[in-house]
Structure formats: structure tokens, C-alpha cells
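What follows is a single structure, written as C-alpha cells, with notes after it.
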Amino acid sequence: MQRAAAEFPQATFTCVRDIYGRCSFAVESLSEPAYQAFEQRLAGIQDIEALLGPVHVQELDATSSLGKLIRELRRPLAGLGNAFVVERLLCNESWLRGMGENPASWPPVVAFYSFKGGVGRSTSAALTALTLAREGKRVIVVDLDLEAPGIEGSFSIPQSDIRAGVVDFLLERAVLGEAYRPDVDDFVLPFADPTIAANGGSLIIVPAGKLDETYMERLGRVNLSDIGRTIGEKNPIRALIEALLAWRPADVVIVDCRTGFTDVGGMTLNGLSTLDVLVFRGGEADRRYLPIVLRHILRLRHQEDATPELAERLSRSFLIVFTMVELPAKMEEAEQYVADLREQVSEICWKEVFEKFNREGYMYPSATALDTPHDPVPHDAVLLPYLRDFAMVSLVPDMHRIQSERPEKPYDVLVRRIMDVKLAKPEKTPHAAPAGEVNRQKVLSAIEKVTGKPDGETEFATVEDFKRKFVPRTAYRTLLDPKAYIMLGRKGAGKSVLFQLLKHQEYLKSIAEHLGLEMRTVSTTRWGIGFDVSPSSPSHDDFLHALEASRGDPDLIARFWRALSALRLAPLIGRPLPDLPDVRACIERLEDLPTQRAVQAWLDQANAGLEAEGRFCCLSYDDLDVGLTRDVNKRGRLISALADYWQQAPRRWPRIRAKIFLRDDIWMREVHFTDKSKIRDGIDRTTITWDGADIYRTILKRLGHDEEVRKLFRQAGLWRAEFDKMLTSKLGFVPPFDEDWIMKSVHVLAGETMAGGEYGYKKGYVYPWVLTHSADATGDIRPRIALLLFSEAAKIQKTAVANGSILNPRSFVQALRGQVSQQAVADLRIEFKEEWSKGELWIPDVFSSLERIWPIEEEVLLDLLRDECNLKRPELKEMLDRMVEAGLVERRKNRKTGRILLQIPDIYLFGLGLTRRG
Numbered sequence: 032m033q034r035a036a037a038e039f040p041q042a043t044f045t046c047v048r049d050i051y052g053r054c055s056f057a058v059e060s061l062s063e064p065a066y067q068a069f070e071q072r073l074a075g076i077q078d079i080e081a082l083l084g085p086v087h088v089q090e091l092d093a094t095s096s097l098g099k100l101i102r103e104l105r106r107p108l109a110g111l112g113n114a115f116v117v118e119r120l121l122c123n124e125s126w127l128r129g130m131g132e133n134p135a136s137w138p139p140v141v142a143f144y145s146f147k148g149g150v151g152r153s154t155s156a157a158l159t160a161l162t163l164a165r166e167g168k169r170v171i172v173v174d175l176d177l178e179a180p181g182i183e184g185s186f187s188i189p190q191s192d193i194r195a196g197v198v199d200f201l202l203e204r205a206v207l208g209e210a211y212r213p214d215v216d217d218f219v220l221p222f223a224d225p226t227i228a229a230n231g232g233s234l235i236i237v238p239a240g241k242l243d244e245t246y247m248e249r250l251g252r253v254n255l256s257d258i259g260r261t262i263g264e265k266n267p268i269r270a271l272i273e274a275l276l277a278w279r280p281a282d283v284v285i286v287d288c289r290t291g292f293t294d295v296g297g298m299t300l301n302g303l304s305t306l307d308v309l310v311f312r313g314g315e316a317d318r319r320y321l322p323i324v325l326r327h328i329l330r331l332r333h334q335e336d337a338t339p340e341l342a343e344r345l346s347r348s349f350l351i352v353f354t355m356v357e358l359p360a361k362m363e364e365a366e367q368y369v370a371d372l373r374e375q376v377s378e379i380c381w382k383e384v385f386e387k388f389n390r391e392g393y394m395y396p397s398a399t400a401l402d403t404p405h406d407p408v409p410h411d412a413v414l415l416p417y418l419r420d421f422a423m424v425s426l427v428p429d430m431h432r433i434q435s436e437r438p439e440k441p442y443d444v445l446v447r448r449i450m451d452v453k454l455a456k457p458e459k460t461p462h463a464a465p466a467g468e469v470n471r472q473k474v475l476s477a478i479e480k481v482t483g484k485p486d487g488e489t490e491f492a493t494v495e496d497f498k499r500k501f502v503p504r505t506a507y508r509t510l511l512d513p514k515a516y517i518m519l520g521r522k523g524a525g526k527s528v529l530f531q532l533l534k535h536q537e538y539l540k541s542i543a544e545h546l547g548l549e550m551r552t553v554s555t556t557r558w559g560i561g562f563d564v565s566p567s568s569p570s571h572d573d574f575l576h577a578l579e580a581s582r583g584d585p586d587l588i589a590r591f592w593r594a595l596s597a598l599r600l601a602p603l604i605g606r607p608l609p610d611l612p613d614v615r616a617c618i619e620r621l622e623d624l625p626t627q628r629a630v631q632a633w634l635d636q637a638n639a640g641l642e643a644e645g646r647f648c649c650l651s652y653d654d655l656d657v658g659l660t661r662d663v664n665k666r667g668r669l670i671s672a673l674a675d676y677w678q679q680a681p682r683r684w685p686r687i688r689a690k691i692f693l694r695d696d697i698w699m700r701e702v703h704f705t706d707k708s709k710i711r712d713g714i715d716r717t718t719i720t721w722d723g724a725d726i727y728r729t730i731l732k733r734l735g736h737d738e739e740v741r742k743l744f745r746q747a748g749l750w751r752a753e754f755d756k757m758l759t760s761k762l763g764f765v766p767p768f769d770e771d772w773i774m775k776s777v778h779v780l781a782g783e784t785m786a787g788g789e790y791g792y793k794k795g796y797v798y799p800w801v802l803t804h805s806a807d808a809t810g811d812i813r814p815r816i817a818l819l820l821f822s823e824a825a826k827i828q829k830t831a832v833a834n835g836s837i838l839n840p841r842s843f844v845q846a847l848r849g850q851v852s853q854q855a856v857a858d859l860r861i862e863f864k865e866e867w868s869k870g871e872l873w874i875p876d877v878f879s880s881l882e883r884i885w886p887i888e889e890e891v892l893l894d895l896l897r898d899e900c901n902l903k904r905p906e907l908k909e910m911l912d913r914m915v916e917a918g919l920v921e922r923r924k925n926r927k928t929g930r931i932l933l934q935i936p937d938i939y940l941f942g943l944g945l946t947r948r949g
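The working numbering puts the sequence shown at residues 32 to 949.
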């Protein structure tokens, strides 16, 4: 065929070889005389029938489906532009054809692939996913290692939690075809982690399937070879990811591939992935597999347009990782080992991928070139050391802790190489405007005014308030997710602020856009109030009446909440509710079945109307801790019925949703209903927590709207040109999530160490000191306290420091021991007045009269309180447990005596009139 192709250059020749090696030839664009000459040439070849079998030439219509298929599948023979081959295979066609490109709207898909097993591929994928999620990224992990599944086990997710997985999706789609619409909730496993929640990330795992006695049978019915032949959006694996992204947007999708040459591996590397992370063991013997893998990745192999721009894209499309590397102990030998490895990898990448670009002006980096975000070096491999402690643990969070304790944090290096180098997009940094003369006293005055009114309801009353004070944290993504309806948090975590936020539809749209959320749902949702403390909401007496009328029956209480939700929805959607004119009617007709059926029918019609209009409605509930009743048992029954109702309601009325803002301790201790365990953290429920960076971003957000502060930051080279544009935007100035920038900004305002001079660091560093001393006993930090600490420090100081930072760090100490701690205790007293009281006596107020210097032994305190307050020990123990959960008290073990000590954190210690040893 090669000779014929050379002899008839105007024609195209394609050899089609079947699974037994038999060949057919498709010839296109051959004139009649040339066609006859070609037939004669075939007839003149001796023993052609012995080589090919009977030869029959038949004309093929180039526009036929067979002709189109041949052109789609063929690949060129080396050295010829008009000779091709098509291999008809039983399996692994995905290594020869690919899957086509992903939709432009998709996030990056990062595939972790290894040619051999046992190299730490799944561990690397899992640690990468956890690290990204803890950084605030929304991560989906798909387990495509179908023959050796189980990545969910690394996250301590039991098999009992798995409903379905990749295998089940592929089977069901094979039966139902493209019309298949899965219930994605059945295929996902959210991983609950406090750091992920605090930073607004999410980690969703899609398992291969439930590993029960039927898994092997289910896997055996999946025709992976047929799936590997399907390209484009019709490919079932691509359809699975499309369904996942439609269910919940993601910042990155991580795929854990099967080893070796498998259909799934070929599909992933040849079309599904944006970046291929190629994992090998660091030993010399395993490096021989690198060229084998590179030459079988289609995009690296077949390139007609060998331009420098294409070489740049290819450099970003794969990352080589060597695991279990054991460097020599001597530094010189270790450096030589790394240099030799780079040289070897450089030669392989050049030969297998980049040599073809040599004549097109492409400058291949030398083996000593270093990676940069703007010029990724293809052969700059990531080396992950052999960590012996990994053998002692099985869970990814434990592995993350172990690697984080090493100075080089090797898996963090891998994540940064992926995100900051391979997936990075070069950005232009505009020049900042010049700084004017700074009035330091005005800056101090701005710091003093940084705190507002103590409650979120009045501090955030208008859109302008949000523009100047509200930071759109990534942690708030779940707020706008229609599936999440339980929003937990402690006093001061910002629940009421978020409740107020839902009243401003246009501002919500801007936040959704800023956070990269799906805009259609946000734009078509009307927000209403289900309950808050206001004249338009039911009163304490109404709820007590409802409890009495229901005789404490959870189903009847749920009916009351259902009727009340319909009453609240009626004006929101403009559909009257004739059967229930007011709250009293909702209570009096709890057991009137015609009324209850009418309410359900009204909700059916309301949901149908919303669906026809393409809209949603969402009711928000706040002030449940104080607005229902202070009686803990009665409050628990009311809130339990509310949560149970809204868990069930969206199944029948999917266009009607809710957001319930609630204290986390009430959720844990007081709320009980049958299916509470089925509420999944990260999907149905989220907890509002704060980390240090976002605490400081909240302070800097408020200060950034002050002109003198902006001058100060310009003078320090910290105010960027893009910040000026933010000031006139709907969201106002939004401090970047850049901890280095945040830390430098704090240093400009408050200094670096808590004392001046060369040895000032011995007194502590300002940045962590503020956070540590603003935290409660559980480590929780609330923005209100940090804002107050800055404000009170500025009030105490009165005069700005002439040089250096504006604030004297010692002012923080005085502020903490004075007004700040007193206010923190006052907040607790309001929040836990009933739970921690005996009559009119609030128990924490007694501490100072019993023992002023803390810590104190728990048993001693219990004895003292029993005598002082006339309470039984079990009752006191229960109350003390609640104080521990709320962060007022911390339990510690005395290493000498083994007894339990109680300590109170500084944020409450001084406000209670206590002090501590030392």
C-alpha cells in the first residue's frame, strides 16, 4: 500500500485490518484509468491471495456512513500523507481514537494514571483532592479504577453509605440510552471536614459502586470496549461527569484511573482529561515505562500543526510524578540524583513528544530549567519521597497531617504544580496608582469605626451595608445551593447576616457570579421569610398553642409548619390561600383532614406553577433559638418537626425550598427525628465556620473603603490597581484570598510582633496572636470579636504610632482584658441564659466567687457548684458538657495526676472576672 500511495499521490489509501489481521483497502479520489492500473498492479503481485485472501474491489461512496466512519477512525502511516490504517479491535480502541474534546464550560479534569500498580497513584489523587478542597475549591473525585475500586475507603466512608456508583450509572445508561436522567444524589458521597467547610470548599466522591457480592456481576455486564468506541458527548463516562456538574458546579474534577492499557485509561487520557498526572515509582527500573506511556497519549503523538503555541499547550497537558523516592543522605549525592533524573526525563520527553517541534522555532527548555507559571517545563517532574509513616495509617486526613509536618510538604508541592503551573493562566498585573500623603490619625479613626452594631439584623440592613462590610467568602457557596437547607453556626458566626442577605435579590446575583455559581437557579429564585422575630411572625404564645393542640405529636407539629409555609408562600407567588387566613387557623385546623388536603393541593398547584414558569421559591428561618420558646424540650420538638418537614417536602414540591439557620449545639442536642442521620454534611447541611484569613479579610474589607487606609496601603505597595475598580462595583472592595498579602496588610496596621526590638518575637507575633486570643475553647473564631478587638485597641491608643504600624500591639492586650472579653461574655449570657441558669443565677457568673485563678479540677468545681447553687451533680455535669460544646470551657488532662482540669480561654476569662496561672 505504501508503494501504491507513492505512485498515486492524488489518491487516498486506507488499510482496514480486522481482529484476525485480515485486510481490506479503501481507495478514494482515484481516476478511472488510475483505478484500472491499480487493479492490474494488485493482480501482478505474486501469491496475493495467500497473503490477503480473495481480493475483491468494490466502489465505496465517500458520503456513505461506512466512508465517514473510515475517515473518522483512520490514522496516518508515518512518512506518507495519503496512506492510513484503521484497526478494528475487540478492546482498547480508546487508545487509538480518543473521545473528542470536553465542553468549554467544564472545569479542568485532572487524571491520575499509572502504567503499573502499587505506585501510590490513588494516594496522590486523594491527597490532591483533600488539599484543594481545604483551600476552598469544589472538588469532585471519580473512581474509574473499576477493577480495583475503593478510593472512598481512604476517606473513612463506609460501604453502607454507598447507594450506587460509576458501574451502576454505566449499566443503567446502557439500558435507557441517552434519555437516562439519573438521581445524582444516589451516586455521590460528600466528605465532611471542618477545614473544607470553613473555606467554602467541597469534596464529593463518586465511587465505582457498592462493593457487595453483586459488584463483580455488575462490572461484568458493563461493555467497556463499546463505551471506549463512543466519542463526544454520547460517551457514557462523559455523560456521567456532565450530570455531576449539572447537579453541582465544581472547580476541578479528579479522576483515579485504572493502571495499564485499559479502555477506561485510554478514554481518560485521550479526551476526557485536561491534565494527565503520570505516576511512576522513582526507581530506575520503573522509568522505562515513561516513554511507553507518552507515545500512547494521542494528543502527544499525532500533531499536524507543530507550532510553538501547540508545544506550550502540550507542556501544560501532562505532569510526571515519581513516588516513593529515597534520596541519598548526602546533599551532593541527592542533588546529583535529581539532576540525573531530570536529564533522563528531558531526553525522553524530547524524543517522544517535542522533537517534531524543532524546526518550528520552538526552544526546548534545558534539563536545568526551572518551572514557572508562564513557561511550564515539560520534564520538570515532581518527586514524592517515601514516607514510612504512611504505612501506619490508612486515612487520607492522617496522611495529609504526616506530609504537612515535613518541611518540604511534598504533596502540597504536587498540588501547587498542578494548579499554579500546569492549569494556570498567565495574568497581567496592572501598575498601582501612586500613594498620597497619609494622615495616620485618620487611619486610626477608621480602625476604631471598623465594628458596627452587635447584631447582624441592624448592621446589614441595606445593600450599601453589604457592599462596604460583607465579604463574599467561598464558604457561602452552599448558602445558594438549593439542596442545602440546614445552615449551622455558633453565636456570632454570621447566620443572621446571611439571613438578611437573602432579602436582597440583585446583590445575591452578584455574589453568585463572584463565587462562580450557576446563575440560572439564583436568578429565578424568590426568597421569603419562613420565620423570624418580627411582628409578622407567630409569637411565643402561638407556638405554645400549637404544641398544646398537637399534643406533642411530631406529625401534627409538621402539619403546622406546612400550613405556615403555605401561608408565607401565598403572597410571595401571588396565589391566594383561602382555607387558611391566619396563624390561628393553622393551629385550630391541625386535625381537620379536608383543610390539610386543601393545603397539600394548594402546594401542588404552587409547585406546578413555579415549574411552568421556570422559577423557585425559598423560605428562610432564623431566630429559632429565641423566637419559639426558651424551654429546651419544647423548642427541640418544634425545630425537629420543622427540619423533618423540610427534609420531606422537596421530594413532592421540588420547586419549593428552605434555609434553616440554627445554632449547631441545638442541632446536635435538641433536634431528633427519624431520618436525621440521612442528612449529609456538605450537601443537605453546612456549618458556618471561620479561618484566620477570612477573619482578617473581613477587617480589611471594611477598612479598604476608607481613603486614608487606601493611601497607607498604596504607600506600602499593597493597594493594587484592580482594587480601585472594585470600589464602584456592586460587591465593593473584596480583599484577595492571598495569605501573604493579608499578612503584610496586618503588619502595616498592627505590626509584626507583640513587642518592639530585636527580641520582640518572644512575646508572640501579632497575626496569630489576634486569632488565638479571639478564639473560644474549641478554636472557633468569630468576626465580631476580632472586629471589636481592633476597634477597642484603637480607642485605647487614641494616638497613632508616629512610625511603623498604626496600632501599638500592646493595645490589643488591654482591649482583650477589658471591653472585648466583657462583650464576649455578654453574648454568651444572651445566647445561653436559660440553659446555664438556676433561677435568676447564671452559673458562669459564680465561677469567680469559687475560684478566681484557673485552671481548676473538674471534680473540685462540681463540688463547689453543688454547694453554691444547690444543684445535683448530674444536672451540673450536663450543664458543664454544654459549656464545653459551646466553647466556654476546655477539658485538659493533668499529666502528673491524670485528673481532668478545666480552663477558660482568654476571650471569656477576663470578662468573667477570672485570671490564669502565669
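Virtual Cβ for every residue (Gly too), placed ideally from N, Cα, C. None of the values given here were measured: they were computed from a predicted structure.
Ignore the nearest five residues each way along the sequence and tell me which others in residue i's own chain have a CB closer than 6 Å to its CB.
i	result
Lys459	Because the pLDDT of Lys459 is 48, which lies under 50, any placement of that residue in the model is unreliable, and the question is left without a value.
Val47	Ser55, Val117
Ile773	Ala724, Tyr727
What are the boundary residues of the alpha helix (DSSP H) that residue i is part of?
i	result
Thr626	624-644
Lys498	494-500
Trp867	Note, Trp867: premise wrong, no alpha helix (DSSP H); not H, not E.
Arg448	Arg448 -> no alpha helix (DSSP H), and no H or E assigned at all.
Pro322	320-325
Met247	246-251
Pro585	585-604
By Cβ distance, which residues of its chain are closer than 8 Å to residue i, with the 5 residues on each side in sequence left out?
i	result
Arg841	Met785, Ala786
Val424	Met430, Ile433
Leu895	Leu881, Glu882
Leu641	Ile604, Phe647, Cys648, Arg686, Ile687
Arg666	Leu655, Asp656, Leu659, Thr660, Ile697, Glu701
Taking the continuous beta strand (DSSP E) assigned at residue i, which residues delimit it?
i	result
Thr717	716-719
Asp174	169-174
Cys46	43-48
Met910	Premise fails: Met910 lies in the alpha helix (DSSP H), 904-917, not in any beta strand (DSSP E).
Trp684	That residue, Trp684, is in no beta strand (DSSP E); it is neither H nor E in DSSP.
I'd like to know whether the C-beta atoms of residue i and residue j end up nearer to each other than 8 Å.
i	j	result
Asp695	Leu519	yes
Leu234	Leu161	yes
Arg269	Leu303	yes
Val528	Ala831	no
Leu255	Val295	yes
Arg165	Gly232	yes
Val954	Ile285	With the chain running from 32 to 949 in the structure shown, residue 954 is simply not present.
Arg471	His736	no
Leu893	Lys908	yes
Just confirm the distance between the C-beta atoms of residue i and residue j, as a whole number of angstroms; I'd bet it's less than 8 Å.
i	j	result
Phe353	Leu306	Rounded, the Cβ-Cβ distance is 17 Å, inconsistent with contact.
Tyr727	Val777	6 Å
Phe562	Leu532	That pair is no contact at about 17 Å.
Arg582	Tyr676	Not really, about 18 Å apart at Cβ, beyond 8 Å.
Ile618	Ala672	That pair is no contact at about 13 Å.
Indicate, with yes or no, if the ligand FAD has a heavy atom lying under 7 Å from the CB of residue i.
i	result
Ser185	Questions concerning the ligand FAD fall outside what the structure shown contains, since it holds no ligand whatsoever.
Less than 7 Å between C-beta atoms, sequence neighbours within five positions excluded: which residues of the same chain meet that for residue i?
i	result
His462	Summary for His462: the model assigns pLDDT 47, below 50, so the residue's position carries little reliability, and this model does not support an answer.
Asp715	Lys514, Ala515, Tyr516, Ile517
With a cut-off of 8 Å, do at least 3 Cβ pairs link the stretch 160-171 to the stretch 244-260? no
Give a yes or no on contact between the stretch 628-635 and the stretch 502-521, applying the rule of three or more CB pairs nearer than 8 Å. no
So, does the stretch 904-923 touch the stretch 801-815, judging by three or more C-beta pairs under 8 Å? yes
With a threshold of 8 Å, are at least 3 pairs of Cβ atoms found where one atom belongs to the stretch 536-546 and the other to the stretch 634-651? At 8 Å Cβ cutoff, the stretches do not touch.
Mind the definition here: the stretch 382-389 touches the stretch 336-346 only if three or more C-beta pairs lie below 8 Å; say whether that holds. yes
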